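Undergrad:
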Amino acid sequence: MKLIVSKNFDKKDSYKIDTYIAGGGYEAVKKCLESMKPADIIEEIKKSGLRGRGGAGFPTGMKWSFVPKESSVPKYLAVNADEGEPGTFKDRQILELDPHLLLEGIMIACLAVGIHTAYIYIRGEYKKAFDRIEAAIAECYAKGFLGSDIFGSGYEIDIHAHAGAGAYICGEETGLIESLEGHRGQPRLKPPFPALSGLFAGPTVINNVETLACVPEIISGGAEKFAALGTPKNSGTRLFGVSGDVEKPGVYELELGISARKLIYDICGGVKGGGKLKGFIPGGLSAPIMTADELDTPLDFDSLAKAGSMAGSGGVIVISEHQSIPKIAARTADFYAHESCG
Numbered sequence: 000m001k002l003i004v005s006k007n008f009d010k011k012d013s014y015k016i017d018t019y020i021a022g023g024g025y026e027a028v029k030k031c032l033e034s035m036k037p038a039d040i041i042e043e044i045k046k047s048g049l050r051g052r053g054g055a056g057f058p059t060g061m062k063w064s065f066v067p068k069e070s071s072v073p074k075y076l077a078v079n080a081d082e083g084e085p086g087t088f089k090d091r092q093i094l095e096l097d098p099h100l101l102l103e104g105i106m107i108a109c110l111a112v113g114i115h116t117a118y119i120y121i122r123g124e125y126k127k128a129f130d131r132i133e134a135a136i137a138e139c140y141a142k143g144f145l146g147s148d149i150f151g152s153g154y155e156i157d158i159h160a161h162a163g164a165g166a167y168i169c170g171e172e173t174g175l176i177e178s179l180e181g182h183r184g185q186p187r188l189k190p191p192f193p194a195l196s197g198l199f200a201g202p203t204v205i206n207n208v209e210t211l212a213c214v215p216e217i218i219s220g221g222a223e224k225f226a227a228l229g230t231p232k233n234s235g236t237r238l239f240g241v242s243g244d245v246e247k248p249g250v251y252e253l254e255l256g257i258s259a260r261k262l263i264y265d266i267c268g269g270v271k272g273g274g275k276l277k278g279f280i281p282g283g284l285s286a287p288i289m290t291a292d293e294l295d296t297p298l299d300f301d302s303l304a305k306a307g308s309m310a311g312s313g314g315v316i317v318i319s320e321h322q323s324i325p326k327i328a329a330r331t332a333d334f335y336a337h338e339s340c341g
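Numbering that gives the first Met the number 0 numbers the first residue of the sequence shown as 0 and each following residue consecutively.
So, in structure tokens, the structure goes:
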């Protein structure tokens with residue numbers, strides 16, 4: 000299987016701009032500048048079938064198309080890197096190991112929607128990730144990849160890194176906007192929706208880190224190749240962050256539609272210590288628990304929704320027979336009472 004998001008993770012100095020360029024980095028954004036109109040970029044993303052990797056799985060190209068082409072006020076891109084849900088840690092890998100992949104995805108999104116300013120809202124506890132993003136942004140400015148004349152094109156893009164303060168609720172898109180504006184991180188009533196009135200009252204696109212990290216490959220390799228991965232309505236790959244009672248926890252890039260059984264047993268070595276599986280959470284702590292009888296469920300947006308759970312943030316939490324489901328439920332309730340209601 001072709002790796003898309005994690006292809007550079009194992010390279011030496013993977014987070015540096017020279018390593019990224021040597022592997023073909025920033026060629027996709029150059030292609031957009033040289034031969035693609037904004038509508039062409041959006042159409043390519045639509046054809047790829049890319050869906051948001053942060054939770055809801057909304058079609059990315061469609062989300063971009065909701066933003067008005069003409070606006071009397073500036074438009075913005077806000078990148079949701081506030082990865083605060085228990086069991087979720089996949090985006091941290093991109094931020095720390097391949098920040099330039101994210102930056103190139105941001106640039107392409109800005110070109111597609113007519114945006115000149117982007118903010119990356121990073122979880123407050125992700126100090127190393129924040130430093131890596133800051134350093135990568137500085138490298139881009141030094142080479143003329145960011146600023147008033149990116150790649151000598153005359154187009155202006157500025158990207159800013161913003162550290163959160165550790166509040167889980169700021170992962171909700173309007174709570175994130177409130178926090179970016181310097182207010183208490185509290186979700187807004189909708190409508191208006193961010194695409195029409197978001198950050199600083201301007202039309203705003205909000206995308207997850209992994210979503211944007213998929214974009215350069217779609218532009219450089221073509222929508223058809225991306226769409227050929229996964230399943231017909233759940234195209235591409237996904238980073239699965241596997242944790243809990245499992246032999247080989249970690250972050251794995253796999254095609255959407257892989258079964259929970261194959262992920263947990265064939266790839267991650269099964270339940271820790273050879274124990275029996277009681278259940279698993281397929282998409283971060285907010286996803287309903289699934290039982291061992293549901294191991295053959297494909298891990299994609301539609302199949303998990305049909306099964307009564309959700310793909311969520313891609314955090315797969317393995318639960319062995321030794322764990323108490325009531326205790327897990329109680330701890331989960333405590334977390335959400337404190338972070339969402341407290």
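Beta carbons: idealized from backbone N, C-alpha and C, even for Gly. Computed from a predicted model, the values in this text were never measured in an experiment.
Taking all protein chains shown into account, do 16 or more other C-beta atoms lie within 10 angstroms of the C-beta of Cys-31, making it buried, or fewer, making it exposed?
TA: Buried: at least 16 other Cβ atoms inside 10 Å.
Undergrad: Buried or exposed: which applies to Lys-74, given that a residue is buried once 16 or more other Cβ atoms fall within 10 Å of its Cβ?
TA: The residue in question, Lys-74, is buried, as its Cβ has 16 or more Cβ neighbours within 10 Å.
Undergrad: In chain order, which continuous runs of the beta strand (DSSP E) of length 3 or greater are located wholly inside the region 195-225?
TA: Whole beta strand (DSSP E) segments, 3+ residues: 203-207.
Undergrad: Between Ile-280 and the rest of its own chain, which residues show a CB-CB distance below 6 Å, the 5 nearest in sequence each way excluded?
TA: The answer, listed in chain order, is Ala-286, Ile-288 and Ile-316.
Undergrad: Using C-beta distances below 8 Å, list every residue in its chain close to Asn-79, excluding the 5 sequence neighbours before and after it, in chain order.
TA: Around Asn-79: Gly-53, Tyr-120, Gly-170, Glu-172, Leu-175, Ile-205, Asn-206, Asn-207 and Val-208.
Undergrad: Please classify Leu-188 as buried or exposed, where buried requires at least 16 neighbouring CB atoms within 10 angstroms.
TA: By the 10 Å Cβ count, Leu-188 comes out exposed.
Undergrad: By the DSSP assignment, the alpha helix (DSSP H) with Ala-329 in it spans what residues?
TA: Start and end: 324-338.
Undergrad: Quick check on the burial criterion: 16 or more other C-beta atoms within 10 angstroms. Buried or exposed for Ala-166?
TA: It counts as buried.
Undergrad: Buried or exposed for Ala-128, please, with buried defined as at least 16 other CB atoms from any protein chain shown within 10 angstroms of its CB.
TA: Classification for Ala-128: buried.
Undergrad: According to DSSP, simplified to helix, strand and coil, what is Ser-234?
TA: In this structure, Ser-234 counts as strand in the three-state DSSP scheme.
Undergrad: With contact counted as at least three CB pairs below 8 Å, one residue from each stretch, are the region 334-341 and the region 251-265 in contact?
TA: With a cut-off of 8 Å, the region 251-265 and the region 334-341 do not count as touching, because too few Cβ pairs lie within range.
Undergrad: How about Gly-83 and Gly-143: are their beta carbons less than 9 Å apart?
TA: Not in contact: Gly-83 and Gly-143 (Cβ atoms no closer than 9 Å).
Undergrad: Going straight from the alpha carbon of Pro-297 to that of Ser-147, what length do you get?
TA: Approximately 45 Å, taken between the alpha carbons.
Undergrad: Among Gly-273, Pro-191 and Phe-225, which has the Cα closest to the Cα of Phe-379?
TA: The shown model of the chain, from 0 to 341, leaves out residue 379, and the question about it has no answer.
Undergrad: Among all the DSSP beta bridges, which residues are the ones paired with Phe-239?
TA: DSSP output for Phe-239 lists Tyr-251 as bridge partner(s).
Undergrad: If you drop the 5 nearest sequence neighbours on each side, which residues of the same chain put their C-beta closer than 7 Å to that of Glu-103?
TA: For Glu-103, where only same-chain residues beyond five positions count, the Cβ hits under 7 Å are Gly-24, Tyr-25, Ala-27, Val-28 and Pro-215.
Undergrad: Thinking just about the alpha-carbon of each residue, which of Tyr-118, Met-106 and Asp-130 is nearest to the one in Phe-150?
TA: Per the Cα distances, Met-106.
Undergrad: Whole angstroms is fine: what's the gap from Asp-90's alpha carbon to Glu-124's?
TA: In a straight line, the C-alpha of Asp-90 is about 13 Å away from that of Glu-124.
Undergrad: Is there contact between the region 315-330 and the region 228-244, where contact requires at least three CB pairs shorter than 8 Å?
TA: Counting Cβ pairs under 8 Å, three or more are found: they touch.
Undergrad: Am I right that Thr-236 and Val-4 are in contact with their C-beta atoms under 8 Å? What's the rounded C-beta distance?
TA: Indeed they touch by this definition, with Cβ atoms about 7 Å apart.
Undergrad: Is it the case that the Cβ atoms of Ile-44 and Ala-111 are separated by a distance below 9 Å?
TA: The answer is yes: Cβ separation under 9 Å.
Undergrad: Quick check on Gln-185: buried or exposed, where buried means 16 or more other Cβ atoms within 10 Å of its Cβ?
TA: Answer is exposed; the Cβ neighbour count stays below 16.
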